[in-house]
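Participant: First, the structure itself, so that you have it in front of you.
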Amino acid sequence: MESWSAPIFKQPFQGTRFQQGDDAQFSAVISAEPDPEVSWAKNGSRIPPNHPKYQIAHNPSTGLTLLMIREFGPGDEGQYTLTAKNPYGQITATLNLNPDPTVTRSKAISNLRMQIHKHHQQPVANTY
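Okay, structure coming up:
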C-alpha cells in the first residue's frame, strides 16, 4: 500500500546566523510522496543549480534541502524562496535577507524573516 502526500516542512530553516564575508547556509527538511521537485529563487528569479555564487542540494531519501550563498556580501540581500511541489501540492518558504549596512564582519547578521505558504490540491488517497 502506498500513500501519496503533498510536500510539508518537517523541519523549518536552520543555520540562519552568519557574518558578512562568510558562506551563508540555509537548510530545511521536506517530506512528500512522490518526491517533490525542489527549487530556489532570489527576488523571483530561479537560481540555476550550477550557479557559481550558490550551492543547491536536495537529498530525496532524507528530504534535506540546502542553499549556500558563497561569501555573503553586498548584492546578496533580498528575498530567497524555496519551493517544493509534486502532483498533490506545493509549499514555499521565503527568507528576507536584509542585513543592516552598519554590520561589520565581526557582528552576526540576524535580521531575518521567514514566511511559509502551503498550497494543496484536493486530498487524494491512492492505494495499491
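Numbering (the UniProt record's numbering), first residue to last: 1 to 128.
Beta carbons are placed, not taken as given, at the ideal position from N, Cα and C, and that holds for glycine.
1. Starting from residue 14 and walking both ways along the beta strand (DSSP E), at which residues does that stretch end?
2. Please go through the same chain and pick out, in chain order, the residues whose beta-carbon is closer than 6 Å to the beta-carbon of residue 84, but skip the five residues on each side of it.
3. One question on the structure: do residue 28 and residue 65 come within less than 9 Å of each other, judged by their Cβ atoms?
4. So for residue 88, helix, strand or coil by DSSP?
5. Identify which residue in 3, 22 and 11 has its Cα closest to the Cα of residue 63.
6. Taking Cβ to Cβ, would you say residue 81 is nearer than 9 Å to residue 32?
7. In the structure shown, what three-state DSSP assignment does residue 20 receive?
8. Could you give the distance in angstroms between the alpha-carbon of residue 86 and the alpha-carbon of residue 46?
9. Can you give me the Cβ contacts of residue 55 inside the same chain, cut-off strictly under 8 Å, excluding the 5 residues immediately before and after it?
10. Assign residue 44 to buried or exposed, taking buried as 16 or more other Cβ atoms, counted over all protein chains shown, within 10 Å of its Cβ.
Facilitator: Concretely, from the data shown:
1. 5-14
2. 7, 30, 36, 38 and 91
3. yes
4. coil
5. 11
6. no
7. coil
8. 17 Å
9. 66, 67, 68 and 70
10. exposed
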